[in-house]
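In this note's numbering, the protein residues as written are 40 to 507.
Right, dumping it as structure tokens:
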């Protein structure tokens, strides 16, 4: 035991001892269960004492954990930034497929720890691939979390939470940290979209979330509907932390719009003006004599969606549709869009830098949201960002959407493509005049701006983190 104690600072040895403890149980179960349990208890007790050695900075350290792409996890980036603003040292662990926002990269209090995505065994049945992936991910996550300095809290996103919740809970127990789960949705409902709710893997995932979810010290969620469901069906008391727009989401000044349009016009012909002058796009123009920027009177409407969009209904105005985003089916939908014969409509599918996305949102005339919640309990964060930019939206209906989109006040809610088409024609019929319903919705958004993320976070999350 002296040798083990002297070397416990090594995360590799820590993981080895954990594995050894588990193997001891299985190996010895048939011979002497009592002895196996005694060995396991002694090892875990020793590990726990060594791993709980706190220092003066422990209470000011928080791990923000995402078993997904950090760059495409804006809510968790906001968590990290809010913690950093309040003086906490943040270890931000997750996949680094796309670049996080520049504010995250610039914040000295945030240290990004990349996690490599594992694939599992690529031969044999799918269940073997899935099981090996989970096992390797467990060991990888143990290694990442145990090599860190002791954190006062581990704040993790769910979904994805398999195997992250179980591993984070184990590390929290071993190191005396507090686990905080931020429920964005239910993982098993997302899996059910592909496999069906009766699939054994989906049923296992549901049991897993129901078992490990209540073990967290604190729980956050994104809607009051989810809060009620967690309380009623899971026995979890959660705090509703609505998604709120960060300060970067606002109406874009004309000069900044023009600069973005000029950059995009060099890459996407949909933004180019037919008149090939130096400082002119299809939307805007700069007068080189006095450096003023104006929106062109004959400009098309700029419709923006963060997901796929179809032009099944004829639009009676000139329209540019920018479909931002990234995903495995993007090329499929680009080919589908290319096969459409649309009149007065141009569709562009850019992948924007994190800094350019809010600028484009703040420059658009109308947003479209096709997000449908797998659980019916979460809200589309993209609409939150749109509202931060005072951008009216047409959104597809689902259970708790009314907590965000107020029909005929800040946008419209539709149930099918025909209704969406009618709404687009109605809203854009008087474009670019600001006197129609589209202008009314925008004015309503300007006058009813709610809480921003920082104030919302300080009110709901900071007390949980700062509590002794």
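Just so it is clear, CB atoms sit at the ideal spot from N, CA and C, and this is done for glycine as well.
Straight-line Cα distance separating residue j from residue i
{"i": "residue 233", "j": "residue 309", "result": "35 Å"}
{"i": "residue 396", "j": "residue 143", "result": "15 Å"}
{"i": "residue 474", "j": "residue 114", "result": "35 Å"}
{"i": "residue 482", "j": "residue 471", "result": "15 Å"}
{"i": "residue 335", "j": "residue 487", "result": "29 Å"}
{"i": "residue 404", "j": "residue 209", "result": "48 Å"}
{"i": "residue 326", "j": "residue 296", "result": "15 Å"}
{"i": "residue 294", "j": "residue 332", "result": "6 Å"}
{"i": "residue 445", "j": "residue 485", "result": "14 Å"}
{"i": "residue 158", "j": "residue 174", "result": "11 Å"}
{"i": "residue 149", "j": "residue 189", "result": "15 Å"}
{"i": "residue 503", "j": "residue 126", "result": "15 Å"}
{"i": "residue 432", "j": "residue 450", "result": "5 Å"}
{"i": "residue 278", "j": "residue 499", "result": "7 Å"}
{"i": "residue 402", "j": "residue 424", "result": "13 Å"}
{"i": "residue 356", "j": "residue 239", "result": "Confidence at residue 356 is low in this model, with a pLDDT of 41, below 50, so its placement is unreliable and the value that follows should be read with caution. Cα to Cα, residue 356 sits roughly 50 Å from residue 239."}
{"i": "residue 429", "j": "residue 130", "result": "33 Å"}
{"i": "residue 156", "j": "residue 107", "result": "8 Å"}
{"i": "residue 467", "j": "residue 313", "result": "22 Å"}
{"i": "residue 507", "j": "residue 495", "result": "21 Å"}
{"i": "residue 226", "j": "residue 195", "result": "14 Å"}
{"i": "residue 182", "j": "residue 132", "result": "12 Å"}
{"i": "residue 497", "j": "residue 223", "result": "19 Å"}
{"i": "residue 299", "j": "residue 138", "result": "19 Å"}
{"i": "residue 276", "j": "residue 406", "result": "34 Å"}
{"i": "residue 162", "j": "residue 213", "result": "35 Å"}
Candidates the options, of which the one nearest residue i by Cα
{"i": "residue 282", "options": "136, 438, 419, 480", "result": "419"}
{"i": "residue 280", "options": "294, 260, 295, 273", "result": "260"}
{"i": "residue 185", "options": "160, 206, 430", "result": "206"}
{"i": "residue 99", "options": "107, 105, 124, 112", "result": "124"}
{"i": "residue 153", "options": "429, 136, 268, 168", "result": "136"}
{"i": "residue 303", "options": "289, 318, 290", "result": "318"}
{"i": "residue 342", "options": "133, 195, 383", "result": "383"}
{"i": "residue 204", "options": "122, 467, 105", "result": "105"}
{"i": "residue 288", "options": "438, 497, 422", "result": "422"}
{"i": "residue 437", "options": "456, 413, 246, 457", "result": "413"}
{"i": "residue 199", "options": "237, 497, 247", "result": "247"}
{"i": "residue 440", "options": "497, 292, 501, 265", "result": "265"}
{"i": "residue 211", "options": "236, 193, 221", "result": "193"}
{"i": "residue 385", "options": "340, 480, 479", "result": "340"}
{"i": "residue 122", "options": "109, 103, 110", "result": "103"}
Per DSSP, the bridge partner or partners of residue i
{"i": "residue 250", "result": "For residue 250, which the question treats as bridged, DSSP gives no partner whatsoever."}
{"i": "residue 319", "result": "324"}
{"i": "residue 311", "result": "320"}
{"i": "residue 196", "result": "221"}
{"i": "residue 258", "result": "220"}
{"i": "residue 102", "result": "130, 193"}
{"i": "residue 446", "result": "450"}
{"i": "residue 406", "result": "343, 432"}
First and last residue of the uninterrupted beta strand (DSSP E) at residue i
{"i": "residue 110", "result": "From DSSP, residue 110 is part of no beta strand (DSSP E); its letter is neither H nor E."}
{"i": "residue 486", "result": "No beta strand (DSSP E) holds residue 486; the alpha helix (DSSP H) holding it covers 476–486."}
{"i": "residue 143", "result": "That residue, residue 143, is in no beta strand (DSSP E); its alpha helix (DSSP H) goes 141–145."}
{"i": "residue 263", "result": "From DSSP, residue 263 is part of no beta strand (DSSP E) but of the alpha helix (DSSP H) over 263–268."}
{"i": "residue 153", "result": "149–153"}
{"i": "residue 334", "result": "331–334"}
Nonlocal neighbours in the same chain, by C-beta distance under 8 Å from residue i, ignoring five residues either side
{"i": "residue 469", "result": "475, 477"}
{"i": "residue 435", "result": "408, 409, 410, 411, 452, 453, 454, 459"}
{"i": "residue 19", "result": "Missing from the structure shown is residue 19; the chain here goes from 40 to 507 and no further."}
{"i": "residue 241", "result": "227, 230, 231, 234, 235"}
Residues near residue i by beta carbon distance below 6 Å, same chain, minus five either side
{"i": "residue 338", "result": "322"}
{"i": "residue 257", "result": "219, 503"}
{"i": "residue 442", "result": "262"}
{"i": "residue 41", "result": "For residue 41, the pLDDT reaches just 32, beneath the cut-off of 50, and the residue's location in the model is therefore unreliable, leaving the point undetermined."}
{"i": "residue 140", "result": "116, 393"}
{"i": "residue 505", "result": "none"}
{"i": "residue 168", "result": "159, 160"}
{"i": "residue 492", "result": "117, 283, 285"}
{"i": "residue 311", "result": "304"}
{"i": "residue 187", "result": "130"}
For residue i, the first and last residue of its enclosing alpha helix (DSSP H)
{"i": "residue 423", "result": "420–427"}
{"i": "residue 210", "result": "203–214"}
{"i": "residue 505", "result": "501–505"}
{"i": "residue 166", "result": "165–185"}
{"i": "residue 229", "result": "226–234"}
{"i": "residue 301", "result": "293–304"}
Neighbour flag for residue i against chain D, beta carbons, 9 Å
{"i": "residue 448", "result": "Chain labels in this structure do not include chain D; a single protein chain is all it has."}
Close beta carbons around residue i, own chain, < 7 Å, minus the five adjacent residues each side
{"i": "residue 307", "result": "387, 389"}
{"i": "residue 426", "result": "284, 449, 484"}
{"i": "residue 268", "result": "416"}
{"i": "residue 97", "result": "189, 191"}
{"i": "residue 273", "result": "249, 252, 253"}
{"i": "residue 490", "result": "283"}
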